[in-house]
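Novice:
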Ligand SMILES: CC(C)(COP(=O)(O)OP(=O)(O)OC[C@H]1O[C@@H](n2cnc3c(N)ncnc32)[C@H](O)[C@@H]1OP(=O)(O)O)[C@@H](O)C(=O)NCCC(=O)NCCS
């Protein structure tokens, strides 16, 4: 990405985001920055709904402490040109024990002001803060080549590669979908599919266990460096409340075995106000002992039929898959999902990043 404007790093103003003390015109400036960045990545998509974007900033990370820095071009604070943020698990989070030494960071610089040292400046500040919080590691994800080079420069280890895949509704092969649905019923005749928008109270403990197991089985590049996500009923309800606030509808289909066990699931998320053409495919998975009977394909087929019949605004489905997740990729490829973006995840050991930073100064 080429710079188009010279930046004077001595003039920038960095402020910690404080939702209790926001200037009246803060959101307008934030949306201009956010929408410009969104257009850079997704030039053909509609823009995020502003109200939803605000709710996401204010409460988008349940169970985490989140710290954000907002960067203005100068002291007049007319224009936001970058932000950085980091998140660490709260002590009362069910994932705290497994992840307490880890954290998540992200830095985004307006494309006009890249390659002038701002990203490095923000990285340095963030790494110091994360260390102060007692973390030894931090992770980040990036869709950008600039981000990949940037992470490698600071000693980031590539831990995962994902592809954002998209399937356009008009490209769905309905014959295949019907075949998968029929074969699923044939091979697992005693299994029934159920659906819900809010997890039924009677199943919530089992669903949380299922999601925790399935998430833990998501492959990483070397089988290590997993960010463990633990679901508990309280956490699940908190996520549901947050999605409802954002106006998102979460629709899930589960498979139930003859003995009552929930053996698999698939979920989607969509909104009638925030880019309604976009359906976000969430977690899909089948417990190990119930695999090999076409349940994964049946669940996915049933979900596409639901989308076709119930979400008239749907134009495409977006899913993020690890590149080495062979079973899921095989299902998605046959469904016609096509790669749209490549995303890389990096993990930094803070001591290594600090050594690299010291060498540069
Ligand atoms: C990654 C990002 C934050 C870097 O911000 P920046 O202000 O351009 O960073 P810097 O100017 O401090 O660059 C530091 C180094 O990163 C590397 N780098 C950054 N962008 C690069 C590019 N487009 N091509 C090659 N190297 C690049 C270079 O080594 C550069 O040092 P150099 O200019 O002395 O060669 C910015 O490109 C961005 O916002 N990208 C999109 C979001 C993202 O991917 N974030 C990364 C996850 S934290």
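Numbering (the numbering used here), first residue to last: 2 to 362. Glycine included, each C-beta is placed from N, C-alpha and C at the ideal position.
Nearest-angstrom Cα distance between residue 68 and residue 55?
Specialist: When rounded, the distance between both Cα atoms is 15 Å.
Novice: Just how far apart, CA to CA, sit residue 80 and residue 110?
Specialist: If you take the alpha carbons of residue 80 and residue 110, they lie about 12 Å apart.
Novice: So is residue 359 buried or exposed if we call it buried at 16+ other beta carbons inside 10 Å?
Specialist: Looking at its Cβ environment, which holds fewer than 16 other Cβ atoms inside 10 Å, residue 359 is exposed.
Novice: Hey, out of 331, 337, 65 and 19, whose CA is closest to residue 319's CA?
Specialist: Cα-wise, what sits closest to residue 319 is 337.
Novice: Which stretch, first to last residue, makes up the alpha helix (DSSP H) that contains residue 328?
Specialist: Taken as a continuous stretch (DSSP letters only), the alpha helix (DSSP H) holding residue 328 covers 327 to 336.
Novice: Roughly how many angstroms lie between the CA atoms of residue 225 and residue 329, to the nearest whole one?
Specialist: Approximately 20 Å, taken between the alpha carbons.
Novice: Of the choices 346, 351, 324 and 350, whose alpha-carbon is the least far from that of residue 339?
Specialist: If we check each option's Cα against that of residue 339, 324 comes out closest.
Novice: Can you confirm whether the stretch 263 to 276 touches the stretch 205 to 217 when touching is taken to mean that 3 or more C-beta pairs between the two stretches lie within less than 8 Å?
Specialist: The stretch 205 to 217 vs the stretch 263 to 276: in contact.
Novice: Assign residue 2 to one of two classes, buried (16 or more other C-beta atoms within 10 Å of its C-beta) or exposed (fewer than that).
Specialist: Interpretation of residue 2 is limited by its pLDDT of 47, a score under 50 that renders its predicted location unreliable; the figure taken from the coordinates is listed afterwards. Residue 2 should be labelled exposed.
Novice: Considering only their Cβ atoms, is the gap separating residue 274 from residue 50 smaller than 7 Å?
Specialist: Contact: yes.
Novice: Under three-state DSSP, which class holds residue 245?
Specialist: DSSP places residue 245 in helix when its eight states are reduced to three.
Novice: Determine the direct distance from the alpha carbon of residue 257 to that of residue 147, and round the result to whole angstroms.
Specialist: Each residue's alpha carbon lies about 45 Å from the other.
Novice: Output the residue ranges of the beta strand (DSSP E) runs that lie fully inside the stretch 75 to 114 and measure 3 residues or longer, sorted by chain position.
Specialist: Here the runs fully enclosed are 81 to 90 and 105 to 110.
Novice: Mind checking who residue 204 pairs with in its DSSP beta bridge?
Specialist: None; residue 204 has no bridge partner.
Novice: Between the beta-carbon of residue 95 and the beta-carbon of residue 233, is there less than 7 Å?
Specialist: It is a contact, given that the beta carbons lie within the stated cut-off.
Novice: Determine the closest residue to residue 288 out of 362, 107 and 219, with distance taken between C-alpha atoms.
Specialist: Checked all of 362, 107 and 219; the closest Cα to residue 288 is 219.
Novice: For residue 102, which residues in the same chain have their Cβ closer than 7 Å to its Cβ, ignoring the five residues on either side in sequence?
Specialist: Excluding positions up to five away in sequence, the list reads 136, 137 and 138.
Novice: Within its chain, find whatever has a CB closer than 7 Å to the CB of residue 89; leave out the 5 residues flanking it on each side and keep chain order.
Specialist: Closer than 7 Å at the Cβ level, and outside the excluded window around residue 89, lie 65, 66, 104, 134 and 136.
Novice: Under 7 Å between C-beta atoms, does residue 174 make it to chain D?
Specialist: Within the model displayed, chain D is absent; a lone protein chain is all it includes.
Novice: Can you tell me which residues form a DSSP beta bridge with residue 195?
Specialist: Its beta-bridge partners are 255.
Novice: If residue 108 sits next to residue 194, beta carbons under 8 Å apart, how far is it from one beta carbon to the other, in whole angstroms?
Specialist: Not quite, the Cβ-Cβ distance comes to about 43 Å (not below 8 Å), so this is no contact.
Novice: What is the rounded straight-line gap between the Cα of residue 245 and the Cα of residue 229?
Specialist: Taking the straight line joining both Cα atoms gives about 25 Å.
Novice: So what does DSSP say about residue 221, is it helix, strand or coil?
Specialist: Here residue 221 sits in coil by DSSP.
Novice: Checking the sheet assignment: what are the DSSP bridge partners for residue 307?
Specialist: Bridge partners of residue 307: none, in fact.
Novice: Any idea what DSSP makes of residue 182, helix, strand or coil?
Specialist: In this structure, residue 182 counts as helix in the three-state DSSP scheme.
Novice: So what's residue 236 in DSSP terms, helix, strand or just coil?
Specialist: Note: residue 236 maps to helix in three-state DSSP.
Novice: Would you identify the three-state DSSP class for residue 2, choosing helix, strand or coil?
Specialist: Only weak support is given to the placement of residue 2: the predicted model assigns it a pLDDT of 47, under 50, and the value that follows is read from those uncertain coordinates. Residue 2: coil per DSSP, three-state reduction.
Novice: Since residue 259 and residue 191 are thought to touch, with beta carbons under 8 Å apart, how far apart are those beta carbons, to the nearest angstrom?
Specialist: Going by Cβ atoms, the distance from residue 259 to residue 191 rounds to 4 Å, so yes, they are a contact pair.
Novice: Considering only the alpha carbon of each residue, which of 173, 161, 237 and 283 lies closest to residue 223?
Specialist: It is 161.
Novice: Assuming contact is defined by CB atoms lying nearer than 7 Å, are residue 144 and residue 344 in contact in what I supplied?
Specialist: In contact: residue 144 and residue 344 (Cβ atoms closer than 7 Å).
Novice: List the whole-angstrom C-beta distance separating residue 70 from residue 85, where the pair is believed to meet the contact cut-off of C-beta under 8 Å.
Specialist: About 5 Å separates the two Cβ atoms, so the contact holds.
Novice: Out of curiosity, what's the CA-to-CA distance linking residue 20 and residue 59?
Specialist: Rounded to whole angstroms, residue 20 to residue 59 spans 7 Å at the Cα level.
Novice: Should residue 145 be counted as a contact of ligand 1 given a C-beta to heavy atom distance under 6 Å?
Specialist: Yes, since a heavy atom of ligand 1 falls inside the 6 Å radius drawn around the Cβ of residue 145.
Novice: Considering only heavy atoms of ligand 1, does any lie closer than 6 Å to the CB of residue 42?
Specialist: Residue 42 Cβ: outside cutoff for every heavy atom of ligand 1.
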